[in-house]
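Each residue of the sequence shown is one higher than the last, beginning at 1 in UniProt numbering. No residue lacks a Cβ here, since even glycine has one placed at the ideal position from N, Cα and C.
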Amino acid sequence: MTLALHGGTPVRDTPWPSWPPPLDPAQRRLVMEVLESGQWGATQGGAAVADLTAAFARACSVPYGVAVGNATLGLFAALKGLGVAPGDEVVMPAYTFVASATAVLLAGAVPVIVDVDPAHLHLSADAVRGALTPRTAAVMPVHLAGSPADMDPIIELAARHGLAVAEDAAQAHGAAYKDRPVGGLGDAGVFSFQSSKAMTAGEGGLVVCRDESVHERIWSVCNVGRRRGGQWYGHPSVGWNLRLTEIQAALLLPWLDRLDDELARRAAFCAALGRELAGLPVTMLGPPPGTTRDSRHLVMLRIGAPVDRDFLLKAMAAEGVPLDAGYPPLGTMTALTEAGARAEPCPVAEEAATSVVWVRQSMLMDDPAGAADVAEALAKVLAA
Ligand SMILES: *Cc1c(COP(=O)(O)O)cnc(C)c1O
1 MTLALHGGTP
11 VRDTPWPSWP
21 PPLDPAQRRL
31 VMEVLESGQW
41 GATQGGAAVA
51 DLTAAFARAC
61 SVPYGVAVGN
71 ATLGLFAALK
81 GLGVAPGDEV
91 VMPAYTFVAS
101 ATAVLLAGAV
111 PVIVDVDPAH
121 LHLSADAVRG
131 ALTPRTAAVM
141 PVHLAGSPAD
151 MDPIIELAAR
161 HGLAVAEDAA
171 QAHGAAYKDR
181 PVGGLGDAGV
191 FSFQSSKAMT
201 AGEGGLVVCR
211 DESVHERIWS
221 VCNVGRRRGG
231 QWYGHPSVGW
241 NLRLTEIQAA
251 LLLPWLDRLD
261 DELARRAAFC
271 AALGRELAGL
281 PVTMLGPPPG
291 TTRDSRHLVM
301 LRIGAPVDRD
311 FLLKAMAAEG
321 VPLDAGYPPL
331 GTMTALTEAG
341 ARAEPCPVAE
351 EAATSVVWVR
361 QSMLMDDPAG
371 AADVAEALAK
381 VLAA
């Protein structure tokens, strides 16, 4: 069969679902209500941000939340609220989005980048243990691809060494670990509503936490150093304006009612994909132990055949099945190391950077029959 890249017929010529999905009537109604109210900012008395924050925290089984402009700033605020100070070290996985590390730099702290587990590319407690120093203040597990990191060993280790746990749950809305929702497992959890995420308002984020005083501090960091219930021009601590708008919250609130359906749709696609890939030299990377609900932000495939990755990506795109290259290891980004990040040797993340590709979220929203197109295109390209 001639590859589409070389003029052959593509495996798929129908488009994949768009992301974000089309506006639904509840979103349209709520956004219009907010627009007409004139209360576009969250300090003007509107209810959308407050409702979103309360509902989201409840969904994470914790009492507190703070809505923020994006998850990068949410991670920064969480670290500040947890008492991470300039010069402190924060241990994180090498295979994650760059913002996990730049949020730490923003807090003046040192990202300590450690290797990931080859089975699922998540942070493990063992890797954290090997990187501890007297300056270690926090651990940042990342719920990569919508699968929860194996949290219990990480939380136990953190408790033993007096470390804070800040979950980067930017990709994991609705995911659960041992039947407990992510975000509420550590001392603070941070979600993103950026346009590629499972709930989106174009941009946005939300921090959740269990402890009242941590909440007070995070809230203050995000509200120019005010005290909750204190004076408008009273600023007992240093903070910034990191707030989400009412308009964004209006787009997000109705999503809480449909997220479960969307996650079920992705799970069905992924189950079909697992069946279709049988027999190919391609491994779907499984979730870490303890996962009871994988929110399937994306699917990571390890290609077990010797193939040039750039060629694979170009050929797959030509077949109508565009895949993503995934993350370069954080430690190889000189901008981070020059800014003070410290990286351990990360052979697993480096191997993943050449052999792992991603099936993106919008494709997972397709009818499960679409999984056959992914497998057929992979078989065709790998055979060429
Ligand atoms: C998207 C993402 C972020 C950053 O979120 P923003 O809302 O874009 O700032 C951080 N960490 C991970 C793992 C992400 O996927």
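What are the boundary residues of the beta strand (DSSP E) that includes residue i?
i    : result
L105 : That residue, L105, is in no beta strand (DSSP E); its alpha helix (DSSP H) goes V98 to L106.
P93  : E89 to P93
W358 : V356 to V359
T133 : It is not in any beta strand (DSSP E) - T133 carries neither H nor E in the DSSP assignment.
M1   : No beta strand (DSSP E) holds M1; DSSP gives it neither H nor E.
Roughly how many whole angstroms lie between the Cα atoms of residue i and residue j?
i           : j    : result
L123        : L52  : 30 Å
R275        : V299 : 14 Å
T332        : K314 : 24 Å
V224        : L106 : 16 Å
A268        : T292 : 15 Å
residue 389 : H235 : As displayed, the chain neither begins before 1 nor continues past 384, which places residue 389 out of reach and without an answer.
W232        : T43  : 10 Å
G38         : V221 : 26 Å
L280        : G46  : 54 Å
L121        : R217 : 32 Å
D13         : A349 : 34 Å
residue 410 : V11  : Nothing about residue 410 can be read from this structure; the chain reaches only from 1 to 384.
W40         : G186 : 32 Å
R360        : R160 : 38 Å
I303        : L285 : 10 Å
Q27         : W19  : 15 Å
L3          : L75  : 44 Å
Tell me, which residues are paired with residue i by DSSP?
i    : result
C209 : Y64 and A188
N241 : N223
D168 : V142 and V190
I113 : M92 and A343
R302 : T283 and V356
D324 : W358
P181 : A176
The alpha helix (DSSP H) spanning residue i covers which residue range?
i    : result
P21  : P21 -> no alpha helix (DSSP H), and no H or E assigned at all.
L246 : In the sequence on display, residue 246 carries Glu and not Leu. Segment E246 to L252, the alpha helix (DSSP H) holding E246.
N335 : The displayed chain sequence assigns Ala, not Asn, to residue 335. T334 to E338 is the extent of the alpha helix (DSSP H) around A335.
R275 : W255 to E276
R293 : Here R293 belongs to no alpha helix (DSSP H); instead the beta strand (DSSP E) covers T291 to R293.
K80  : A71 to G81
Looking at residue i: is its Cβ nearer than 8 Å to the Cβ of residue j?
i    : j    : result
V31  : A198 : no
L157 : V128 : yes
V90  : V104 : yes
I154 : A176 : no
M140 : A170 : no
V207 : A138 : no
P368 : A278 : no
L312 : A55  : no
P17  : D150 : no
G326 : A188 : no
L330 : V98  : yes
Roughly how far, in whole angstroms, is the beta-carbon of residue i from the beta-carbon of residue j, given that I think they are within contact range, below 8 Å?
i    : j    : result
E246 : V34  : 5 Å
D168 : S61  : Between S61 and D168 the Cβ distance is about 18 Å, and since that is not below 8 Å, they are no contact.
E112 : R342 : Note that residue 112 is Val in the sequence shown, not Glu. Confirmed, Cβ separation roughly 5 Å.
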